[in-house]
Amino acid sequence: MLTIFGRADSNNVQAVMWLVGELGITHERRDIGQRFGGNRTPEFLAMNPMGLVPVIKDGEDAPIAETGAILRYLASRFGTEEAFWPSAPSARAQVDRWAEWAKVEVAAAFQAPIFYPMVMVKPENRDPAAVEKALPRLNARLDIAEARLSAHSHLAGEAFTLADIVFGSLLYRYFTVEIARADRPALQRYYETLCARPAYREHVMVSYEALRGIA
(Lines of atoms letter the chains of each structure in order from A and count residues from 1; the text may use other names and numbers.)
(Lines give C-alpha, C1' and ligand atoms only; values in the text may rest on other atoms or scores of the structure.)
Protein backbone atom coordinates (compact mmCIF):
# COMPACT_ATOMS: atom_id res chain seq x y z
CA MET A 1 0.00 0.00 0.00
CA LEU A 2 1.24 3.46 -0.92
CA THR A 3 0.71 6.08 1.79
CA ILE A 4 0.81 9.80 0.96
CA PHE A 5 1.27 12.26 3.79
CA GLY A 6 -0.10 15.71 2.96
CA ARG A 7 -3.27 17.79 2.77
CA ALA A 8 -5.40 17.86 -0.37
CA ASP A 9 -5.07 21.63 -0.86
CA SER A 10 -1.27 21.61 -0.95
CA ASN A 11 -0.20 22.24 -4.55
CA ASN A 12 2.77 19.88 -4.21
CA VAL A 13 0.53 17.16 -2.82
CA GLN A 14 -1.90 17.79 -5.68
CA ALA A 15 0.80 17.04 -8.24
CA VAL A 16 1.53 13.73 -6.53
CA MET A 17 -2.14 12.85 -6.17
CA TRP A 18 -2.85 13.70 -9.78
CA LEU A 19 -0.14 11.28 -10.87
CA VAL A 20 -1.46 8.65 -8.45
CA GLY A 21 -4.89 9.12 -10.01
CA GLU A 22 -3.59 8.91 -13.57
CA LEU A 23 -1.70 5.71 -12.82
CA GLY A 24 -4.51 4.14 -10.79
CA ILE A 25 -2.27 3.41 -7.80
CA THR A 26 -3.93 1.92 -4.73
CA HIS A 27 -3.18 4.36 -1.93
CA GLU A 28 -4.10 6.03 1.32
CA ARG A 29 -3.67 9.78 1.85
CA ARG A 30 -3.36 11.30 5.32
CA ASP A 31 -4.04 14.98 6.02
CA ILE A 32 -0.81 16.47 7.36
CA GLY A 33 0.41 20.07 7.55
CA GLN A 34 -0.91 23.59 8.21
CA ARG A 35 -4.35 23.43 9.92
CA PHE A 36 -4.03 19.65 10.29
CA GLY A 37 -0.63 19.74 12.00
CA GLY A 38 1.36 16.56 12.39
CA ASN A 39 4.35 17.70 10.35
CA ARG A 40 6.51 18.69 13.31
CA THR A 41 6.22 15.43 15.21
CA PRO A 42 9.35 13.33 15.72
CA GLU A 43 7.79 10.61 13.57
CA PHE A 44 7.19 12.91 10.61
CA LEU A 45 10.52 14.69 10.95
CA ALA A 46 12.22 11.30 10.83
CA MET A 47 10.69 10.91 7.35
CA ASN A 48 11.41 14.49 6.24
CA PRO A 49 13.58 16.70 8.46
CA MET A 50 12.26 19.76 6.58
CA GLY A 51 8.81 19.11 8.00
CA LEU A 52 7.19 19.63 4.60
CA VAL A 53 4.63 17.67 2.60
CA PRO A 54 4.31 15.57 0.57
CA VAL A 55 6.06 12.48 1.84
CA ILE A 56 5.26 9.00 0.62
CA LYS A 57 5.83 5.56 2.09
CA ASP A 58 5.64 2.61 -0.29
CA GLY A 59 5.29 -0.53 1.76
CA GLU A 60 8.38 -1.23 3.82
CA ASP A 61 10.68 0.92 1.71
CA ALA A 62 12.28 4.07 3.10
CA PRO A 63 10.06 7.16 2.93
CA ILE A 64 10.54 9.60 0.06
CA ALA A 65 10.26 13.37 0.38
CA GLU A 66 10.50 16.20 -2.20
CA THR A 67 7.81 16.40 -4.86
CA GLY A 68 10.09 15.91 -7.85
CA ALA A 69 11.70 12.82 -6.38
CA ILE A 70 8.29 11.38 -5.53
CA LEU A 71 6.91 11.99 -9.01
CA ARG A 72 9.92 10.39 -10.68
CA TYR A 73 9.75 7.40 -8.36
CA LEU A 74 6.06 6.82 -8.99
CA ALA A 75 6.46 7.23 -12.74
CA SER A 76 9.33 4.73 -12.76
CA ARG A 77 7.66 2.26 -10.43
CA PHE A 78 4.07 2.33 -11.69
CA GLY A 79 4.08 3.97 -15.12
CA THR A 80 3.24 1.76 -18.07
CA GLU A 81 3.16 4.28 -20.92
CA GLU A 82 6.62 4.57 -22.47
CA ALA A 83 5.97 8.10 -23.71
CA PHE A 84 4.92 9.30 -20.25
CA TRP A 85 8.30 8.62 -18.64
CA PRO A 86 10.60 7.14 -21.32
CA SER A 87 13.10 4.42 -20.52
CA ALA A 88 15.71 5.74 -22.97
CA PRO A 89 17.91 8.27 -21.14
CA SER A 90 17.91 10.79 -24.01
CA ALA A 91 14.12 10.74 -24.37
CA ARG A 92 13.60 10.83 -20.60
CA ALA A 93 15.92 13.82 -20.34
CA GLN A 94 13.71 15.81 -22.72
CA VAL A 95 10.66 15.15 -20.56
CA ASP A 96 12.67 15.84 -17.41
CA ARG A 97 13.96 19.09 -18.89
CA TRP A 98 10.45 20.52 -19.12
CA ALA A 99 9.42 19.08 -15.77
CA GLU A 100 12.39 20.84 -14.16
CA TRP A 101 11.60 24.04 -16.04
CA ALA A 102 8.04 24.00 -14.77
CA LYS A 103 9.15 23.45 -11.17
CA VAL A 104 12.19 25.72 -11.08
CA GLU A 105 10.98 28.53 -13.32
CA VAL A 106 7.18 28.62 -13.42
CA ALA A 107 6.33 27.48 -9.90
CA ALA A 108 8.97 29.75 -8.41
CA ALA A 109 7.60 32.70 -10.35
CA PHE A 110 4.01 32.03 -9.32
CA GLN A 111 3.62 30.36 -5.95
CA ALA A 112 5.53 32.53 -3.49
CA PRO A 113 5.46 35.93 -5.25
CA ILE A 114 1.86 35.83 -6.57
CA PHE A 115 -0.39 33.08 -5.23
CA TYR A 116 0.78 33.36 -1.63
CA PRO A 117 0.24 37.14 -1.27
CA MET A 118 -3.00 37.14 -3.28
CA VAL A 119 -4.64 34.29 -1.38
CA MET A 120 -2.89 33.41 1.84
CA VAL A 121 -2.06 36.92 3.04
CA LYS A 122 -4.92 38.84 4.66
CA PRO A 123 -6.24 41.57 2.32
CA GLU A 124 -5.22 44.36 4.69
CA ASN A 125 -1.63 43.09 4.73
CA ARG A 126 -1.16 42.63 1.00
CA ASP A 127 1.33 44.57 -1.10
CA PRO A 128 -0.32 44.95 -4.53
CA ALA A 129 2.75 46.71 -5.90
CA ALA A 130 4.93 43.72 -5.09
CA VAL A 131 2.53 41.38 -6.88
CA GLU A 132 2.42 43.69 -9.88
CA LYS A 133 6.20 43.75 -9.94
CA ALA A 134 6.30 39.93 -9.89
CA LEU A 135 3.93 39.44 -12.82
CA PRO A 136 6.40 40.15 -15.67
CA ARG A 137 8.67 37.33 -14.50
CA LEU A 138 5.76 34.88 -14.54
CA ASN A 139 4.47 36.19 -17.85
CA ALA A 140 7.85 35.69 -19.50
CA ARG A 141 7.77 32.03 -18.55
CA LEU A 142 4.17 31.57 -19.64
CA ASP A 143 5.08 33.11 -22.98
CA ILE A 144 7.57 30.27 -23.36
CA ALA A 145 4.80 27.81 -22.54
CA GLU A 146 2.53 29.50 -25.08
CA ALA A 147 5.15 29.07 -27.78
CA ARG A 148 5.68 25.41 -26.86
CA LEU A 149 1.97 24.67 -26.78
CA SER A 150 1.41 26.47 -30.05
CA ALA A 151 3.77 23.97 -31.67
CA HIS A 152 2.93 20.85 -29.60
CA SER A 153 -0.14 19.42 -27.94
CA HIS A 154 1.71 18.96 -24.64
CA LEU A 155 4.62 20.62 -22.89
CA ALA A 156 7.32 18.09 -23.83
CA GLY A 157 5.88 17.18 -27.23
CA GLU A 158 2.83 15.35 -28.53
CA ALA A 159 2.38 12.93 -25.63
CA PHE A 160 1.09 13.49 -22.10
CA THR A 161 4.16 13.18 -19.86
CA LEU A 162 5.47 13.79 -16.38
CA ALA A 163 6.26 17.35 -17.48
CA ASP A 164 2.53 18.00 -17.83
CA ILE A 165 1.94 16.81 -14.27
CA VAL A 166 4.45 19.33 -12.93
CA PHE A 167 3.35 22.23 -15.12
CA GLY A 168 -0.36 21.50 -15.28
CA SER A 169 -0.73 21.20 -11.52
CA LEU A 170 -0.05 24.95 -11.32
CA LEU A 171 -2.64 26.03 -13.85
CA TYR A 172 -5.87 25.65 -11.87
CA ARG A 173 -4.58 28.19 -9.38
CA TYR A 174 -3.20 30.42 -12.12
CA PHE A 175 -6.51 30.54 -13.95
CA THR A 176 -8.60 31.13 -10.82
CA VAL A 177 -6.53 33.54 -8.74
CA GLU A 178 -7.50 37.21 -9.03
CA ILE A 179 -4.75 38.56 -11.27
CA ALA A 180 -4.58 39.98 -14.78
CA ARG A 181 -3.95 37.29 -17.39
CA ALA A 182 -2.78 37.87 -20.93
CA ASP A 183 -4.62 36.15 -23.77
CA ARG A 184 -2.73 32.94 -24.51
CA PRO A 185 -4.96 30.73 -26.66
CA ALA A 186 -2.62 27.74 -26.75
CA LEU A 187 -2.23 27.74 -22.98
CA GLN A 188 -6.01 28.08 -22.60
CA ARG A 189 -6.59 25.16 -24.97
CA TYR A 190 -4.05 23.07 -23.08
CA TYR A 191 -5.63 23.89 -19.73
CA GLU A 192 -9.05 22.89 -21.02
CA THR A 193 -7.69 19.49 -22.09
CA LEU A 194 -6.31 18.99 -18.58
CA CYS A 195 -9.64 19.94 -17.04
CA ALA A 196 -11.23 17.14 -19.05
CA ARG A 197 -9.04 14.55 -17.30
CA PRO A 198 -10.91 12.98 -14.34
CA ALA A 199 -7.80 12.73 -12.15
CA TYR A 200 -7.04 16.42 -12.73
CA ARG A 201 -10.55 17.45 -11.76
CA GLU A 202 -10.42 15.32 -8.63
CA HIS A 203 -6.96 16.12 -7.34
CA VAL A 204 -5.92 19.51 -8.76
CA MET A 205 -9.16 21.45 -9.14
CA VAL A 206 -9.44 21.58 -5.37
CA SER A 207 -10.79 24.58 -3.48
CA TYR A 208 -8.17 26.70 -1.75
CA GLU A 209 -10.68 28.66 0.32
CA ALA A 210 -9.28 27.19 3.54
CA LEU A 211 -5.97 28.89 2.74
CA ARG A 212 -7.37 32.40 2.41
CA GLY A 213 -6.04 34.93 4.88
CA ILE A 214 -4.07 32.51 7.02
CA ALA A 215 -0.93 34.69 6.94
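Each residue of the sequence shown is one higher than the last, beginning at 28 in the working numbering. Ideal placement from N, C-alpha and C gives every residue a C-beta, glycine not left out.
Nearest neighbour of residue i, chosen from the options [CA to CA]
i, options, result
"Ala190", "Trp45, Val122, Arg67, Asn75", "Val122"
"Gln215", "Ala120, Glu173, Arg224", "Glu173"
"Ala186", "Ala118, Arg168, Glu151, Pro150", "Ala118"
"Ala223", "Gly195, Ala242, Leu238", "Gly195"
"Leu162", "Val133, Leu182, Glu151", "Val133"
"Gly240", "Pro140, Lys149, Glu93, Ile59", "Lys149"
"Met28", "Leu101, Asn39, Asn38", "Leu101"
"Ser37", "Thr68, Gly51, Leu79, Leu72", "Leu79"
"Tyr235", "Ala213, Leu221, Pro212, Phe202", "Phe202"
"Tyr227", "Thr107, Ala42, Phe32", "Ala42"
"Pro155", "Phe142, Leu46, Ala167", "Phe142"
"Gly184", "Gly106, Leu72, Arg124, Met232", "Arg124"
"Glu229", "Leu182, Pro212, Ala237, Tyr199", "Tyr199"
"Thr188", "Ala115, Gly86, Glu109", "Glu109"
"Met44", "Pro116, Trp128, Pro81, Asn166", "Pro81"
"Ala207", "Asn166, Ala178, Val233, His179", "Asn166"
"Arg34", "Ala242, Ser180, Glu219, Gly64", "Gly64"
"Ala135", "Arg164, Arg67, Val233", "Arg164"
For residue i, the first and last residue of its enclosing alpha helix (DSSP H)
i, result
"Leu50", "38–50"
"Asp191", "189–195"
"Thr203", "198–203"
"Ile171", "155–178"
"His230", "225–230"
"Trp128", "116–128"
"Leu98", "94–105"
"Leu72", "69–74"
Same chain, Cβ closer than 6 Å to residue i, five either side skipped, listed in chain order
i, result
"Pro144", "Arg153, Val158"
"Thr30", "Glu55, Lys84"
Unbroken beta strand (DSSP E) run spanning residue i, endpoints
i, result
"Thr220", "Where Thr220 is concerned, there is no enclosing beta strand (DSSP E), although the alpha helix (DSSP H) it sits in stretches over 212–222."
"Ile31", "29–32"
"Val82", "82–85"
"Glu55", "54–57"
Outcome for residue i when other beta-carbon atoms lying within 10 angstroms are tallied against a minimum of 16
i, result
"Asp170", "exposed"
"Asp88", "exposed"
"Asp210", "exposed"
"Pro113", "buried"
"Leu221", "buried"
"Lys160", "exposed"
"Leu72", "exposed"
"Glu49", "buried"
"Ala126", "buried"
"Gly106", "buried"
Nonlocal neighbours in the same chain, by C-beta distance under 7 Å from residue i, ignoring five residues either side
i, result
"Tyr217", "Leu176"
Proximal residues to residue i (C-beta, below 8 Å), its chain only, five neighbours per side dropped
i, result
"Ala237", "Asp36, Arg62"
Worksheet item: Hey, is the segment 55–66 in contact with the segment 87–105, meaning 3+ C-beta pairs nearer than 8 Å?
Response: no
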